[in-house]
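Working notes for the structure below.
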Amino acid sequence: MSTIKKILVIGAGIAGTAVCYWLRRFGFYPVLIEKSACIRKGGQGLDIRGVAIDIVKKMVIYEQICKMRTQVECGRYVDVVGKTLHEEKGEKFAFRQDEDVEILRGDLIEILMKTIDDVPCHFNQSIDSIEQNDDDVIVYFKDARVEHYDLIIGADGIHSSIRRMVFDKDEYRLVNLAEAYFSIFSIPNYLNLSHTEVQCETNEKLVSITSDKDPKTAQVAFMFRSQHVWNNLRDEHEQMQFLRDIFHDFGWEAQKILELMPNSHDFYFDSVTQVKMRSWTKGQVALVGDASYSASPLSGQGNNLALVGAYILAGELKAAEGNYRLAFNRYNELLHPFVEANQQLGAWVSESFLVPDAVSKEVAEERSNRILQKVQIISNAIKLPEYE
Ligand SMILES: Cc1cc2nc3c(=O)[nH]c(=O)nc-3n(C[C@H](O)[C@H](O)[C@H](O)COP(=O)(O)OP(=O)(O)OC[C@H]3O[C@@H](n4cnc5c(N)ncnc54)[C@H](O)[C@@H]3O)c2cc1C
39 MSTIKKILVI
49 GAGIAGTAVC
59 YWLRRFGFYP
69 VLIEKSACIR
79 KGGQGLDIRG
89 VAIDIVKKMV
99 IYEQICKMRT
109 QVECGRYVDV
119 VGKTLHEEKG
129 EKFAFRQDED
139 VEILRGDLIE
149 ILMKTIDDVP
159 CHFNQSIDSI
169 EQNDDDVIVY
179 FKDARVEHYD
189 LIIGADGIHS
199 SIRRMVFDKD
209 EYRLVNLAEA
219 YFSIFSIPNY
229 LNLSHTEVQC
239 ETNEKLVSIT
249 SDKDPKTAQV
259 AFMFRSQHVW
269 NNLRDEHEQM
279 QFLRDIFHDF
289 GWEAQKILEL
299 MPNSHDFYFD
309 SVTQVKMRSW
319 TKGQVALVGD
329 ASYSASPLSG
339 QGNNLALVGA
349 YILAGELKAA
359 EGNYRLAFNR
369 YNELLHPFVE
379 ANQQLGAWVS
389 ESFLVPDAVS
399 KEVAEERSNR
409 ILQKVQIISN
419 AIKLPEYE
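Under the working numbering, the sequence shown has 162 at position 124, and the numbering climbs by one with no breaks.
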């Protein structure tokens, strides 16, 4: 029987909640901490596809996800004066088929949180430093508490502070794909869209507006390329000003959306970045999800990588019966080819979007078909081990 019991999981996103679920199911005692005051429910629809469907079925949450799924029925491409270029059924527009299902990020986290009722979860908490020794890991919290754990799992997203604390600078690389940036937020549904996504793409910029189940709200996404030199990429004022500068002459609905932007409650902005690491583990610390192998939002696979990684990390800890070194080696070994395939997909998609001219019907259709084909192969490109 494993001697590893107490595991601290940092970050209550998809990876953090999923790894807690599997650790608990496999007989460990995780404790989850999150730096925000509550679950961060922002984000647009995330697709669950490929082997991640088998995982959510094993977690017995697939039916629930399907019940709460998004219901975008129509995807429409428009030009900069709003003229329709072409329309597609929602499923094809979002590269889904068969059992694939899309759910809002916030709804997925809510479902995952319910699966870990028996896991202590503390908000408004983060850590200052950790100290690894032969017996355990000493964790120094920001509020001056000191606690001991057997293992630490960093699930704290693309800007992971655990990664910075534990790994040397030459042990990870952040790659901004094709100098692309990405912003999403909610605004009132002033266009009265119903179960529809409208997208306008030209001059290496893209704006989309979607309204789905909530008729009052619309989700906006901006995507673009830029060689901008940042004072502080994490500063929200600088991010918003940057969007205004880039999109002021875009046309279509961009100006109106930019006026509504400051009142949005869930503004999110980031570079389209991948995290590259040879090993996601060091000593008694493992990283999971975007913290370790973000494939970028453009891969459409971030949550699926997080779900698969969480399952394999917890499963290997169970299989190794306490030998975390063995488990961590297996986790790295099993997951690397899958991560690499997904990161290649993310890089390829980032090159195919944000075309220099107005996107034509032919380009959009050809791109949709190719992405759909690739994503179906790559989302299945791992054989999941059985741990029970
Ligand atoms: C608000 C938000 C909106 C997003 N929207 C989209 C989207 O629309 N489309 C898309 O493809 N991807 C989106 N993503 C990314 C997507 O969630 C991930 O690619 C994928 O689900 C893997 O998630 P993760 O759990 O590894 O990381 P994340 O989802 O980023 O979760 C990390 C969690 O860790 C917490 N955290 C961070 N630092 C600390 C710390 N020091 N201590 C404690 N907790 C910490 C964060 O608050 C967050 O809750 C979004 C992420 C966030 C946080």
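Virtual Cβ for every residue (Gly too), placed ideally from N, Cα, C.
**Asked** Alpha carbon to alpha carbon, how far is residue 230 from residue 252?
**Response** Looking at the two C-alpha atoms, the distance is approximately 11 Å.
**Asked** Which class does residue 233 belong to by DSSP, given the choice of helix, strand or coil?
**Response** coil
**Three-way DSSP call (helix, strand, coil) for residue 109 in this model** = coil
**Request:** Would you give the residue range spanned by the beta strand (DSSP E) that residue 226 belongs to?
**Result:** 211-226
**Residue nearest to residue 172 in terms of C-alpha spacing, selected from 326, 334, 321** = 321
**Request:** Check whether the Cβ atoms of residue 381 and residue 334 lie closer than 9 Å to each other.
**Result:** yes
**Prompt:** Secondary structure at residue 55, three-state DSSP: helix, strand or coil?
**Reply:** Correct three-state label for residue 55: helix.
**Request:** Round the Cβ separation of residue 58 and residue 161 to the nearest angstrom and send it over; I've been treating them as touching at under 8 Å.
**Result:** Their Cβ separation, rounded to whole angstroms, is 14 Å, which puts residue 58 and residue 161 out of contact at 8 Å.
**Request:** Could you pull the start and end residues of the alpha helix (DSSP H) that residue 257 belongs to?
**Result:** First-last for residue 257: 255-263, but that is the beta strand (DSSP E), not the alpha helix (DSSP H).
**Through-space distance from residue 305 to residue 133, alpha-carbon basis** = Cα-Cα distance, rounded: 25 Å.
**Item:** In DSSP terms, what residue 122 is bridged to
**Value:** For residue 122, the pairing in a beta bridge is given by DSSP as 116.
**Prompt:** For residue 428, is the classification buried or exposed, using 16 other Cβ atoms within 10 angstroms of its Cβ as the cut-off for buried?
**Reply:** Since the first residue shown for the chain is 39 and the last is 426, residue 428 is missing from the structure and cannot be characterised.
**Request:** Flag this pair as yes or no: are the beta carbons of residue 194 and residue 48 separated by less than 9 Å?
**Result:** It is a contact, given that the beta carbons lie within the stated cut-off.
**Prompt:** residue 124 to residue 262, Cα distance in whole Å?
**Reply:** The alpha-carbon separation between residue 124 and residue 262 amounts to approximately 22 Å.
**Request:** Tell me whether residue 84 counts as near ligand 1, meaning its Cβ is closer than 8 Å to at least one heavy atom of that ligand.
**Result:** yes
**Request:** Could you round the C-beta distance between residue 225 and residue 295 to whole angstroms and report it? I think they count as a contact, below 8 Å.
**Result:** 6 Å
**Request:** Ignore the nearest five residues each way along the sequence and tell me which others in residue 345's own chain have a CB closer than 6 Å to its CB.
**Result:** Cβ within range, chain order: 56, 90, 93.
**Request:** With distances taken Cα to Cα, identify the nearest neighbour of residue 239 among 87, 420, 200, 401.
**Result:** 401
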